[in-house]
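Colleague:
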Amino acid sequence: MPDIKLNMTLQERPPAALSRADRVYHTLRDEIFDMHLLPGDRLTEGAIAERFAVSRTPAREALQRLQSDGLMQGYVRGGWEVVPIDNKRFDDLYEMRQMIETFAVRKLCNGEVPQAGLRLLLDSLDRIWKVVRAQRISDGRKLVELDEALHHSLVAAAANEELTATMQRVTDRIRVVRRLDLVHGDGIAETYDEHAAILDAIRRGDSTLSVDLVSRHIGGSQASVSGLTMQRLLAARTDAGRSPVAHAPARPRRTI
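Counting in the numbering used here, the sequence shown runs from 26 upward without gaps.
#1: Given a cut-off of 8 Å on the beta-carbon distance, is the pair THR191 and ILE125 in contact?
#2: Suppose you measure from the CA of GLY245 to the CA of ARG114; what does that come to, to the nearest Å?
#3: Is it buried or exposed for THR69, if we count other Cβ within 10 angstroms and need 16 for buried?
#4: Check LEU150 in the structure and name its three-state DSSP category.
#5: How would you call GLN247, buried or exposed, if buried means at least 16 neighbouring beta carbons within 10 angstroms?
#6: From the DSSP secondary-structure annotation, give me the bridge partner or partners of GLN98.
#7: Please determine, among ARG204, ARG76 and ARG228, the residue with the shortest C-alpha to C-alpha distance to ASP164.
#8: Can you give, in chain order, each stretch of the beta strand (DSSP E) that sits fully within the region 60–96 and has at least 3 residues?
#9: Counting only the same chain and skipping the five closest in sequence on each side, list residues whose C-beta sits under 7 Å from that of VAL49.
#10: Need the endpoints of the alpha helix (DSSP H) that ILE162 sits in, please.
#11: Mark LYS132 as exposed unless 16 or more other C-beta atoms lie within 10 angstroms of its C-beta, in which case mark it buried.
#12: Got a sec, what are the start and stop residues for the alpha helix (DSSP H) GLU120 sits in?
#13: Checking 8 Å against the spacing of the C-beta atoms, do LEU96 and ARG54 come in under that value?
#14: For ARG90, which residues in the same chain have their Cβ closer than 6 Å to its Cβ, ignoring the five residues on either side in sequence?
#15: Is it a yes or a no for the region 130–146 touching the region 220–232, going by three-plus beta-carbon pairs under 8 Å?
#16: With distances taken from CA atoms, which of ILE243, ILE199, VAL180 and VAL101 is nearest LEU143?
#17: Using 10 angstroms around the beta-carbon of ASP66, count the other beta-carbons present and answer buried if the total reaches 16, otherwise exposed.
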């Protein structure tokens with residue numbers, strides 16, 4: 026059974042093992058996930074190179090990797106932009122997430138994975154999510170990590186490596202809006218209650234109920250982030266006491 030800890034922060038990587046491009050990539054990636062860089066923020070390769078005291082080549086390599094992750098997009102003359110909020114794109118990602126997770130819990134309930142290992146996993150998740158209200162975590166950022174760990178653990182337990190890798194890519198692309206939901210929204214209590222119900226249904230081997238609970242859980246998350254506006258994103262930055270990044274020149278308009 027998989028470890029439920031997620032390995033996704035720069036601090037978890039040995040600093041000596043990072044190349045210059047790695048260092049730029051992981052720092053910018055964390056800043057996007059932590060909402061220091063928000064959807065729509067614009068950067069230039071030159072500004073990034075200057076900030077990290079590197080040449081434009083590792084800066085460009087890092088930005089291209091972020092583009093491959095679906096977190097940045099490039100335009101002409103070295104300009105880059107944190108991928109803006111696109112409701113259609115997020116709807117597609119949530120639909121993919123629902124397909125992956127319902128497939129995974131169906132396998133878990135139908136006895137298609139080693140049951141001893143599954144029980145150990147469920148026990149470890151119960152200790153996090155089935156606690157009294159006074160013991161629930163109120164730190165939204167920490168809760169996001171635990172939330173992602175639960176969902177990834179259930180998918181990984183289904184033992185399909187390609188689906189697990191795809192789930193990670195989907196999670197990376199929706200992390201910004203998920204953090205807004207849990208850090209600045211009011212979804213903490215619902216998250217605990219819904220996770221506990223999902224774990225109980227899986228433990229009972231109730232495939233129909235498990236799939237229904239997972240579908241409704243993901244659908245509720247999707248609904249709560251679908252109305253996000255740039256004003257709410259900017260409010261999130263203000264609440265965190267962060268200053269806006271220096272913007273790149275305006276994106277050139279296309280001519281007909």
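The C-beta atom is built at its ideal place from N, Cα and C for all residues, glycine as well.
Modeller: This is what the structure gives:
#1: By one-based count along the sequence shown, residue 191 stands at place 166. By one-based count along the sequence shown, residue 125 stands at place 100. Their beta carbons are under 8 Å apart, which means THR191 touches ILE125 by this criterion.
#2: Start at 1 with the first residue of the sequence shown, and residue 245 comes out as number 220. Start at 1 with the first residue of the sequence shown, and residue 114 comes out as number 89. Taking the straight line from one Cα to the other gives about 17 Å.
#3: Walking along the sequence shown from the start, residue 69 turns up at place 44. Looking at its Cβ environment, which holds 16 or more other Cβ atoms inside 10 Å, THR69 is buried.
#4: Taking the first residue of the sequence shown as 1, we reach residue 150 at position 125. Here LEU150 sits in helix by DSSP.
#5: Residue mapping note: residue 247 aligns to position 222 of the sequence shown, counting from 1. Counting Cβ neighbours within 10 Å, GLN247 comes out buried, since at least 16 surround it.
#6: Here residue 98 corresponds to residue number 73 of the sequence shown, with the count starting at 1. Partner(s): GLU106.
#7: Your numbering for residue 164 matches position 139 in the sequence shown. Out of ARG204, ARG76 and ARG228, ARG204 has the C-alpha closest to the C-alpha of ASP164.
#8: 67–69
#9: Position 24 of the sequence shown, counting from 1, holds the residue named residue 49. The answer, listed in chain order, is ILE73, PHE77, VAL79, PRO83, ALA84 and ALA87.
#10: Reading the sequence shown from its first residue, position 137 is the one you call residue 162. Here ILE162 belongs to no alpha helix (DSSP H), and DSSP marks it neither H nor E.
#11: Within the sequence shown, residue 132 is the residue found at index 107, counting from 1. Burial call: buried.
#12: For this step, residue 120 is matched to residue 95 along the sequence shown. From DSSP, the alpha helix (DSSP H) with GLU120 extends over 112–134.
#13: Here residue 96 refers to the residue found at position 71 when the sequence shown is read from its first residue. Here residue 54 refers to the residue found at position 29 when the sequence shown is read from its first residue. Yes.
#14: Reading the sequence shown from its first residue, position 65 is the one you call residue 90. Closer than 6 Å at the Cβ level, and outside the excluded window around ARG90, lie TYR50.
#15: yes
#16: On the sequence shown, position 118 is the one that residue 143 refers to. Ranking ILE243, ILE199, VAL180 and VAL101 by Cα distance to LEU143 puts VAL180 first.
#17: Residue numbering aside, residue 66 sits at position 41 when the sequence shown is read from its first letter. Looking at its Cβ environment, which holds 16 or more other Cβ atoms inside 10 Å, ASP66 is buried.
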